[in-house]
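Protein chains in written order, with the numbering used here: chain L, 27 to 238; chain W, 43 to 292.
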């Protein structure tokens with residue numbers, strides 16, 4: 027008895043949250059290609075992702091798909107991939123580069139999509155933003171899990187064609203780009219670009235398949 | 043209650059760090075790992091110990107223990123780290139943080155029932171994660187080559203010296219039997235691991251080379267912990283990972 031009442035209360039809240047997010051997204055959508063400031067991009071993205079996570083009515087696969095749709099728009103995977111491969115980027119043929127971007131994107135989607143069911147109503151707060159040397163922008167956020175367990179998550183954004191898009195995620199001071207760069211440098215140094223692509227293909231093939 | 047013997051190991055740690063400063067590797071970079079073949083072997087060994095001993099035990103622990111209890115045990119041991127946090131705050135010249143950490147210990151030990159609960163955070167007394175390795179970093183000691191220690195895990199000469207310093211600063215109730223102390227240490231390790239089951243699984247799934255993943259994450263995390271303590275501190279020859287074009291000129 028008690029349980030049903032709390033669940034319905036929760037779903038009511040999540041509906042309100044979704045409505046609120048839709049409302050919050052509207053100015054951004056209306057501005058269209060005009061482009062939001064970096065901070066607004068992160069605000070819009072994180073509230074849209076949270077709304078999907080909190081939506082009790084969709085299955086884990088639906089949630090993954092919806093989050094992917096959001097993330098694919100807001101993240102500049104091409105730039106991210108170039109930064110990750112760094113000096114090694116030019117060692118790949120144009121076809122290999124294309125395949126790398128796609129495989130790497132899939133790898134990130136698979137590994138980070140695993141946790142859609144582990145959402146426990148964490149909230150996100152944007153705590154600050156600053157311009158970086160060279161024109162990039164960093165937006166700092168905190169995933170609120172109650173005091174000492176808060177996780178700091180920073181986004182680095184770069185403007186391309188008037189649009190600010192995410193090029194790196196920094197979790198508790200650990201940059202995703204820097205981390206994958208180290209790994210891929212090691213792999214390419216030992217086995218060349220084809221070895222890296224082969225490893226990515228293998229990883230993605232054994233990863234949890236995404237049902238449409 | 044800081045043991046007298048601790049003073050000697052603390053002195054040893056300071057002397058050790060002076061030694062490190064004098065022979066600081068000049069060509070130090072983020073993935074500086076000249077001992078990689080040996081490190082990989084020890085890493086492999088640690089991973090096996092974790093996979094076949096620690097992780098199964100922690101999984102059982104996680105299954106038996108309610109999450110609230112796991113959190114409380116974690117709080118208890120974190121609270122006992124109070125002298126380490128406070129002394130290192132002071133050594134880094136952060137007087138305000140040290141006062142906050144003393145306040146945290148006072149509140150959590152009393153109102154928080156021996157540290158099992160953490161009301162202090164809710165009252166705005168935020169925790170600071172400090173250790174002697176970080177202090178050495180703030181003092182300008184470079185980390186040196188990456189080092190994987192048996193059982194302990196990722197480290198470097200600076201942080202290994204730091205561990206000795208932390209040991210000297212830690213609370214060791216002299217009246218408690220050695221075996222009971224060992225027992226509580228085991229509980230601490232198992233409980234901590236039980237709270238990390240999912241993150242470790244995720245990390246293994248997300249990485250293509252787990253060894254390099256951990257090495258890089260350790261380096262970045264330590265750097266972040268040190269620089270938050272000392273605004274503006276940056277390793278001298280830090281590479282700019284966001285501007286590849288310049289790097290392409292070899």
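Note that the Cβ used here is the ideal one computed from N, Cα and C, for glycine as well.
Remember, it's a predicted structure, so these values are computed and weren't measured experimentally.
In three-state terms, what does DSSP make of residue i?
i	result
residue 214(W)	coil
residue 195(L)	strand
residue 218(L)	helix
residue 113(L)	helix
residue 196(W)	strand
residue 143(L)	helix
residue 83(W)	helix
residue 72(L)	helix
residue 85(L)	coil
residue 236(W)	helix
residue 208(L)	helix
residue 253(W)	helix
residue 269(W)	helix
residue 107(L)	helix
residue 57(L)	Bear in mind that the predicted position of residue 57(L) carries a pLDDT of just 44, short of 50, making it unreliable; the figure below should be weighed with that in mind. Three-state result, residue 57(L): helix.
residue 31(L)	Any reading at residue 31(L) needs caution, since the residue's pLDDT is 47, under 50, leaving its predicted position unreliable; the model's value is listed next. Looking at residue 31(L) - three-state DSSP - the assignment turns out to be helix.
Please name the residue, chosen from the options, that lies closest to residue i on a Cα-to-Cα basis.
i	options	result
residue 283(W)	218(L), 159(L), 229(L) and 179(L)	159(L)
residue 62(L)	204(L), 190(L), 205(L) and 225(L)	190(L)
residue 166(L)	124(L), 174(L), 175(L) and 183(L)	183(L)
residue 96(L)	76(L), 85(L), 156(L) and 83(L)	76(L)
residue 209(L)	155(L), 221(L) and 72(L)	221(L)
residue 187(L)	65(L), 91(L) and 102(L)	102(L)
residue 210(W)	123(W), 170(W), 86(W) and 90(W)	123(W)
residue 135(L)	162(L), 150(L) and 92(L)	92(L)
residue 181(L)	196(L), 171(L) and 172(L)	196(L)
residue 69(L)	232(L), 157(L), 149(L) and 198(L)	149(L)
residue 212(W)	126(W), 138(W), 88(W) and 229(W)	126(W)
residue 75(W)	256(W), 268(W) and 270(W)	256(W)
residue 82(L)	118(L), 71(L), 128(L) and 146(L)	146(L)
residue 231(W)	171(W), 95(W), 143(W) and 270(W)	95(W)
residue 137(L)	249(W), 233(W), 220(W) and 153(W)	249(W)
residue 92(W)	226(W), 195(W), 110(W) and 259(W)	195(W)
By Cβ distance, which residues of its chain are closer than 8 Å to residue i, with the 5 residues on each side in sequence left out?
i	result
residue 236(W)	100, 101, 103, 104, 107 and 112
residue 114(W)	158 and 159
residue 97(W)	235, 239 and 242
residue 122(L)	219, 220 and 223
residue 261(W)	72, 73, 185 and 188
residue 110(L)	130, 203, 206, 207 and 210
residue 154(L)	165 and 166
residue 98(L)	131
residue 72(L)	150, 152 and 167
Cutting at 6 Å between CB atoms, please list the residues of its own chain near residue i, excluding the five before and the five after it.
i	result
residue 162(W)	146, 149 and 150
residue 118(W)	157 and 158
residue 189(W)	197 and 198
residue 191(W)	197
residue 140(L)	none
residue 193(W)	none
residue 94(L)	135
residue 132(L)	230
residue 214(L)	114 and 222
residue 178(L)	168 and 198
residue 162(L)	182 and 184
residue 135(W)	none
residue 201(W)	175
residue 177(W)	130, 133 and 134
residue 176(L)	168 and 170
residue 192(L)	100, 101, 181 and 183
Return no unless some Cβ of chain B is closer than 8 Å to the Cβ of residue i.
i	result
residue 167(L)	The structure shown contains no chain B; its protein chains are L and W.
Closer than 7 Å by C-beta to residue i: which residues in its own chain qualify, once you throw out the five before and the five after it? Chain order, please.
i	result
residue 201(L)	194
residue 140(W)	128, 131 and 132
residue 252(W)	246
residue 107(L)	126, 127 and 130
residue 226(L)	129, 130 and 133
The ligand FAD heavy atoms versus the CB of residue i: any closer than 7 Å?
i	result
residue 128(L)	Of the ligands one can find in the structure shown there are none, so the ligand FAD has no counterpart to examine.
Cβ-based contacts, 8 Å cut-off: residues of the segment 193 to 208 of chain W near chain L: Contact residues of the segment 193 to 208 of chain W toward chain L are absent (C-beta to C-beta distance below 8 Å).
Using a Cβ-Cβ cut-off of less than 7 Å, give me the residues of the segment 109 to 130 of chain W that come near chain L, in sequence order. Those would be none; no residue qualifies.
Completely contained alpha helix (DSSP H) runs for the segment 114 to 193 of chain W, where each covers 4 or more residues: Taken in chain order, the complete alpha helix (DSSP H) segments of 4 residues or longer contained in the segment 114 to 193 of chain W are 124 to 133, 137 to 152, 161 to 164 and 174 to 180.
Counting only Cβ-Cβ distances shorter than 7 Å, please list the residues of the segment 198 to 211 of chain L near chain W, keeping chain order. Those would be 198, 199, 200, 201, 203, 204, 205, 207, 208 and 209, in chain order.
The segment 127 to 151 of chain L: which residues have C-beta closer than 9 Å to a C-beta of chain W, in chain order? From the segment 127 to 151 of chain L, only 133, 134, 136, 137, 138, 140, 141 and 144 have a Cβ closer than 9 Å to chain W.
For the segment 144 to 185 of chain L, which segments carrying the beta strand (DSSP E) assignment without a break, of at least 3 residues, lie completely within its bounds, in sequence order? As far as the segment 144 to 185 of chain L is concerned, its whole beta strand (DSSP E) runs of at least 3 residues are 149 to 157 and 163 to 170.
Chain L contacts made by the segment 164 to 180 of chain W, where a contact means CB separation under 7 Å: Per Cβ criterion, the list reads 164 and 169.
Short of 8 Å Cβ to Cβ, which residues in the segment 217 to 242 of chain W face chain L? Going along the segment 217 to 242 of chain W in chain order, one finds 240 with a Cβ nearer than 8 Å to chain L.
Under 9 Å (Cβ pairs) to chain L, residues found in the segment 133 to 152 of chain W: Within the segment 133 to 152 of chain W, no residue qualifies.
Please list, in chain order, the residues of the segment 213 to 237 of chain L that have any C-beta partner in chain W closer than 8 Å. The segment 213 to 237 of chain L vs chain W, Cβ under 8 Å: 213, 222, 225, 226, 229 and 233.
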